[in-house]
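Engineer:
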Amino acid sequence: NLKLSVSTHNGASYFTKDSVLIAKSKLPLFNVAEGACGYGDLHRATYGKYSAGLSSMLFNRGSTCGACFEVRCVDHILWCLQGSPSVILTATDFCPPNYGLSSDYGGWCNFPKEHFEMSEAAFAEIAEKNADVVPVQHRRVKCDRRGGLRFTMSGNFHFYQVLISNVGLDGEVIAVKVKGSRTAWIPMARNWGQNWQSNINLIGQPLSFEVITSSRRTLTSYNVAPANWQFGQIFEGKQF
């Protein structure tokens, strides 16, 4: 079973134009560039407004990318919405520390604080919009995804990389193997976020992937990419 963790009196705030991730005014959705997990356009990656940047205590050098958290505002009668509703967020980026500011005033993501940077639209579902930072409870939850795992191809003739997204269950990928039609299973190395790399030339071969999550579940998608796959293409495999 997926372990759930609960902690109280952590913080959540929403993205501003000066933050690492950007909310466009009060639009319900927003666009970001790469982010520390490498997902790119969060709408295309299916995460959308329910994306979050995590402080280093939670981000764990990128290994938490893709994990899901249930977050609710607590212990503040003026800021928290009535009934303390919750939202489910996906870890998609890193909230960097700012040690020039106190962890209680501006340095919300300073170690060892546990903090979530949310879109303004998602923030408004748990707290009053005029609040900047609110105390929250959070716990890890299973990720409910539509469709299969997504494999985004990138690289060149000498360097092959795949971005793995839309991962269900615990969401975190801890190990990946790739197999071409002319190779055995090849372990891939984490480059950054959920980008996994290999220096083996796999061009012209149909590709299969073995993905292992943090709960040690293994999923194998055979021949998910055809022999004529191209860099920049996205292929869909099985789901946990």
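Sequential numbering of the sequence shown, starting at 20, is according to the numbering used here.
C-beta atoms are modelled at their ideal positions from N, C-alpha and C, and glycine is treated no differently.
This structure is a prediction, so every number in the text was calculated from the model and none was measured.
1) Around the C-beta of residue 245, are 16 or more other C-beta atoms found within 10 angstroms, so that it is buried, or is it exposed?
2) Does the stretch 95-108 come within contact of the stretch 177-192, defined as at least 3 CB pairs closer than 8 angstroms?
3) Take the Cβ of residue 215 as the centre, count every other Cβ of all protein chains shown within 10 Å, and call the residue buried at 16 or more, exposed below.
4) Can the beta-carbon of residue 198 be found closer than 7 angstroms to that of residue 227?
5) Classify residue 101 as buried or exposed, calling it buried when 16 or more other Cβ atoms lie within 10 Å of its own Cβ.
6) Could you check which residue in 210, 56, 139 has the C-alpha nearest to that of residue 75?
7) Can you list, in chain order, the residues of its chain with a C-beta nearer than 6 angstroms to that of residue 239? Leave out the 5 residues immediately preceding and following it.
8) List the endpoints of the continuous beta strand (DSSP E) containing residue 170.
9) What's the call for residue 73, buried or exposed, on a 16-neighbour Cβ count within 10 Å?
10) Could you compute how far the alpha carbon of residue 120 sits from the alpha carbon of residue 151?
11) Put residue 242 into one of helix, strand or coil per three-state DSSP.
12) I need the straight-line Cα distance from residue 213 to residue 172, nearest angstrom please.
13) State the start and end residues of the unbroken alpha helix (DSSP H) segment that holds residue 77.
14) Go to residue 142, then tell me how far its alpha helix (DSSP H) extends in each direction, as first and last residue.
15) When the Cα of residue 257 is compared with those of 129, 225, 249, 185, which residue comes out closest?
16) Of the choices 68, 58, 253, 241, whose alpha-carbon is the least far from that of residue 144?
17) Could you spell out where the beta strand (DSSP E) holding residue 194 opens and where it closes?
18) In whole angstroms, what separates the C-alpha of residue 203 from that of residue 128?
19) Do you know how far the Cα of residue 85 is from the Cα of residue 159?
20) What does DSSP give as the partner residue(s) for residue 14 in the beta ladder?
21) Can you list, in chain order, the stretches of the alpha helix (DSSP H) that have 4 or more residues and sit fully within the stretch 84-148?
22) Just tell me which of 259, 218, 70, 255 has its CA closest to the CA of residue 237.
23) Would you mind stating whether residue 98 and residue 133 have Cβ atoms separated by less than 7 angstroms?
Structural biologist: Taking the coordinates as given:
1) Classification for residue 245: exposed.
2) Output reads no: the stretch 177-192 does not touch the stretch 95-108.
3) The residue is buried, with at least 16 neighbouring Cβ atoms inside 10 Å.
4) Cβ atoms of residue 198 and residue 227: closer than 7 angstroms.
5) Residue 101 counts as exposed, since fewer than 16 other beta carbons sit within 10 angstroms of its beta carbon.
6) From the listed residues 210, 56, 139, the smallest Cα separation to residue 75 is found for 56.
7) So the qualifying residues of the chain are 229.
8) Note, residue 170: beta strand (DSSP E), 169-174.
9) So residue 73 ends up on the buried side.
10) When rounded, the distance between both Cα atoms is 16 angstroms.
11) Look at residue 242 here: in three-state DSSP terms it is strand.
12) Distance from the CA of residue 213 to the CA of residue 172, rounded to the nearest whole angstrom, comes to 12 angstroms.
13) First-last of the alpha helix (DSSP H) with residue 77: 75-78.
14) Run containing residue 142: 139-142, per the alpha helix (DSSP H) assignment.
15) Cα-wise, what sits closest to residue 257 is 185.
16) The closest CA to that of residue 144, considering only 68, 58, 253, 241, is found on 68.
17) For residue 194, the enclosing beta strand (DSSP E) covers residues 192-198.
18) Residue 203 and residue 128 have their C-alpha atoms spaced approximately 43 angstroms apart.
19) Residue 159 and residue 85 have their C-alpha atoms some 11 angstroms from each other.
20) Nothing about residue 14 can be reported from this structure: the residues present for the chain run from 20 to 259 only.
21) Listed in chain order, they are 139-142.
22) When each option's Cα is compared against that of residue 237, the closest is 259.
23) Taking the C-beta atoms as reference points, residue 133 is found no nearer than 7 angstroms to residue 98.
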